[in-house]
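Just so you know, the protein sequences line up as chains A and B, in that order. Read left to right, the first sequence gives residues 3 to 299 (my numbering). Read left to right, the second sequence gives residues 3 to 299 (my numbering). For each residue, glycine too, the CB sits at the ideal point set by N, CA and C.
Protein chains: 2
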Amino acid sequence: MARLRLQLPSRQYDTAEAFIEASVNALQPIIEQVGGIETIKAMGIGAPNGNYYNGTIEIAPNIKWAHECVVPLAKMFSEQLNNIPVAITNDANAAAIGEMVYGVARGMKNFIVLTLGTGVGSGVVVNGQLVYGCDGFAGELGHVTMVRGEEGRMCGCGRTGCLEAYCSATGVARTAKELLSKTDRPSLLRDINIDDITSLDVSIAASKGDELAKEIYEFTGHMLGEACADFATFCSPEAFIFFGGMTKAGDLIMEPIKKAYEAHVMPIYRGKAQFLVSGLDGASAAVLGASAIGWEV
Amino acid sequence: MARLRLQLPSRQYDTAEAFIEASVNALQPIIEQVGGIETIKAMGIGAPNGNYYNGTIEIAPNIKWAHECVVPLAKMFSEQLNNIPVAITNDANAAAIGEMVYGVARGMKNFIVLTLGTGVGSGVVVNGQLVYGCDGFAGELGHVTMVRGEEGRMCGCGRTGCLEAYCSATGVARTAKELLSKTDRPSLLRDINIDDITSLDVSIAASKGDELAKEIYEFTGHMLGEACADFATFCSPEAFIFFGGMTKAGDLIMEPIKKAYEAHVMPIYRGKAQFLVSGLDGASAAVLGASAIGWEV
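If you want it as structure tokens, here you go:
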């Protein structure tokens, strides 16, 4: 299968109409190259807050033209593309399907994909099917509460103590800032302006043996492992698959995850789940997954 | 459909063989009454730690003949019953199927049953199918961690801070003992020997207006509501269905559950899930559910 790829920054458009017009224009050369719109059977879209049931994007905080409304994106694209069927799902769900069809989850029927990026997203597969729930919005495991009560960090969702507030790339940077400002422990990270520290900086410092940076990844991995131990009680998955920029930290993050999981999971689940890192590159898994949901419509 | 019921205390037998022999003998009059074993298509069993995939009971703490081993109960029953197919699942899963086929979950595709009894059990239905996971043991939501760290109560599973340690009938009794021994607040519960207090006593005291008893149910319901808010991120169910002795406390327990849920759930899920109490009596849901899984084999 030939893969053609183009990038278009969705945030730079003011309206859904403008974004779709630009997208369809940009797609034209690809459409021509494969033999025209008549040869295309369907389109699949992975998008933040994408709703598979309704073909919509709903209240997506980071997209200007969808952050306060429901946009019928599937229908709007279909109308511009010779009425071919268009399916939509959120980006983490698309990644889960990408892993199932092309990635490390091939052959698996029960697994969880956790995307560790700016946020923490998830796609849950049970009995070989993606879990969409009653409303199309199931699988928001980044928003289970890990720290209850007043101590919990504010989360972008408006609540406190969510997994995402600690274990996303943003969360890792916050942990770094907290540790650096509350202690006077030495660290390579002190060479960086505290407000500019990223999870990548922490990962680089840790790989140079920086104790404080290693502790930050220990803390992050430990919390992810504890969260996964809770997730196991739900669907006893055969694998947890990690995806996104933060997995580049490798064993720094994966080892504490596995260790905390085995220490905290119910004895009946111990030793059963694999902990895998996606082999697909960031963009590919979601694009491939989105194309796979296109086939289902 | 005529329903015949008999009870046999599984704990009084020393071996699985003795239990099966007694069960098959006790079943004979019923088998004869419906026209003999040839007219029976299948058998369904709901049992603690029952494994649907393997037809086994595995390491069931409360059954003498299965608490340290794996018992192939389905096969053993089948051999004594003219080799009819026999299916097994755990009792909370059987209750979930009972609700789906005969109870308040009729027509639902995504819901969670929580059984509030001696322990907290659960059966999770996603896309109209029970969630068994990779090993047949999925759906142990009574063992998500609600209180992390050293403060967490010891749980029967060997870990600490589990939902079950607080929100089972046993957990309610423990909460009562803690509150009574740590404070000198007046309460009707002080008329009872502290080690004999049950969740029913707390419920009766609360219904008489006892403030301390009401607070115990507030606390219990609040924690259940917070837990359900986490469960929603997984499968966005259309209903949470509560089942078991503790639901007899009615609004005392259900109102704080609903209130805490709506206060803690992600905004995207708010107002979507129903909170229902099973209409089937305790034994019926599990028996009916078990019979329904018999049909699937």
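In or out: B/A241 buried (at least 16 other Cβ within 10 Å) or exposed? buried
Every unbroken beta strand (DSSP E) inside the region 120–148 of chain A [3 residues or more]: Whole beta strand (DSSP E) segments, 3+ residues: 122–128.
Comparing C-alpha positions only, which one of B/A107, B/F113, B/V36 and B/D253 sits nearest to B/C230? B/F113
N-terminal and C-terminal residue of the beta strand (DSSP E) that A/A225 is part of: Correcting the residue type first, residue 225 of chain A is Met in the shown sequence and not Ala. Counting along the chain, A/M225 falls outside any beta strand (DSSP E), though it belongs to the alpha helix (DSSP H) covering E213 to C237.
With DSSP collapsed to three states, give me the class of B/T172. Helix at B/T172.
Just list the beta strand (DSSP E) runs in the region 48–108 of chain B, keeping only unbroken ones of 3 residues or longer that don't cross its boundaries, in chain order. 58–60 and 88–91
Under 8 Å by Cβ, that's how I've got A/A287 and A/S293 pegged, so tell me the actual separation to the nearest angstrom. Not really, about 11 Å apart at Cβ, beyond 8 Å.
For A/G109, which of A/N129, A/T120, A/T117 and A/S124 has the nearest alpha-carbon? A/N129
Per-residue burial, A/N95 [other beta carbons within 10 Å of its own, 16 or more giving buried]: buried
N-terminal and C-terminal residue of the beta strand (DSSP E) that B/A241 is part of: A241 to F245
Applying a beta-carbon distance threshold of less than 8 Å, which residues of chain A neighbour B/S170? In chain order: nothing, as chain A lies at least about 15 Å away.
Indicate the three-state DSSP secondary structure (helix, strand or coil) for A/L6 in the structure shown. coil
Would you tell me roughly how many angstroms separate the C-alpha atoms of B/L290 and B/G100, rounded to the nearest one? 5 Å
Is the region 172–179 of chain A in contact with the region 265–275 of chain B, if contact means three or more CB pairs nearer than 8 Å? no
How about B/C237 and A/V133: do their beta carbons lie closer than 8 Å? Against a cut-off of 8 Å, the Cβ pair of A/V133 and B/C237 comes out as a contact.
Could you name the residues that DSSP lists as bridge partners for A/V164? One detail in the question is off: residue 164 of chain A reads as Cys in this sequence, not Val. Paired residues: A/T147.
Can you tell me the Cβ-Cβ gap for A/V88 and A/M148, rounded? I've got them flagged as a contact below 8 Å. Wrong, their Cβ atoms sit about 36 Å apart, outside the cutoff.
Relative to the C-alpha of B/N300, which candidate in B/G123, B/E81 and B/I33 has its C-alpha closest? The requested residue 300 of chain B is not part of the displayed model; chain B covers only 3 to 299.
Excluding the five sequence neighbours on either side, which residues of its own chain have a C-beta within less than 8 Å of the C-beta of A/D232, listed in chain order? V146
Quick one: what does DSSP say B/L190 is sitting in, helix, strand or coil? In the structure shown, B/L190 sits in a helix (DSSP, three-state: H, G or I).
Enclosing alpha helix (DSSP H) for A/Q30 [first to last residue]: A18 to Q35
Quick check on B/G273: does DSSP put it in helix, strand or coil? coil
Should B/D197 go down as buried or exposed, given a rule of 16 or more other Cβ atoms within 10 Å for buried? exposed
If the cut is a Cβ gap below 9 Å, which residues of chain A does B/P269 touch? Near B/P269 (Cβ distances below 9 Å), the residues of chain A are I61, C159, G160 and R161.
Mind reading off the beta-carbon distance from B/G125 to B/G141? Whole number of angstroms is fine, and I expect it under 8 Å. 6 Å
For a contact defined as C-beta to C-beta under 8 Å, what are the partners of A/T147 on chain B? Per Cβ cutoff of 8 Å: E228, A231, D232 and H266.
Please decide whether A/T58 counts as near chain B, where near means a Cβ-Cβ distance under 8 Å. no
Is the CB-CB distance between A/D212 and A/S189 below 8 Å? yes
Helix, strand or coil at B/G291 according to DSSP, with G and I counted as helix: It is helical.
At 7 Å on the CB atoms, spell out the chain A contacts of B/P50, in chain order. Correct list: empty, because the minimum Cβ distance to chain A is about 12 Å.
For B/H69, which residues from the same chain have a beta carbon less than 7 Å from its beta carbon, with the 5 sequence-adjacent residues on both sides left out? I61, A62 and P63
Excluding the five sequence neighbours on either side, which residues of its own chain have a C-beta within less than 8 Å of the C-beta of A/Q82, listed in chain order? I22, E23 and V26
Please identify, using Cβ separations under 7 Å, the residues of the region 124–139 of chain A that lie next to chain B, in order along the chain. V126, V128, N129, Q131, V133, G135, C136, D137 and F139
Give every residue of the same chain whose Cβ lies closer than 6 Å to the Cβ of A/R155, excluding the five residues on either side of it in the sequence, and list them in chain order. If the five residues before and after A/R155 are omitted, its C-beta is found closer than 6 Å to the C-beta atoms of A167, all from its own chain and listed in chain order.
Expressed to the nearest angstrom, what Euclidean distance is found between the alpha-carbon atoms of A/P239 and B/E153? The alpha-carbon atoms of A/P239 and B/E153 are separated by roughly 29 Å.
Distance, B/E40 Cα to B/I206 Cα: 49 Å
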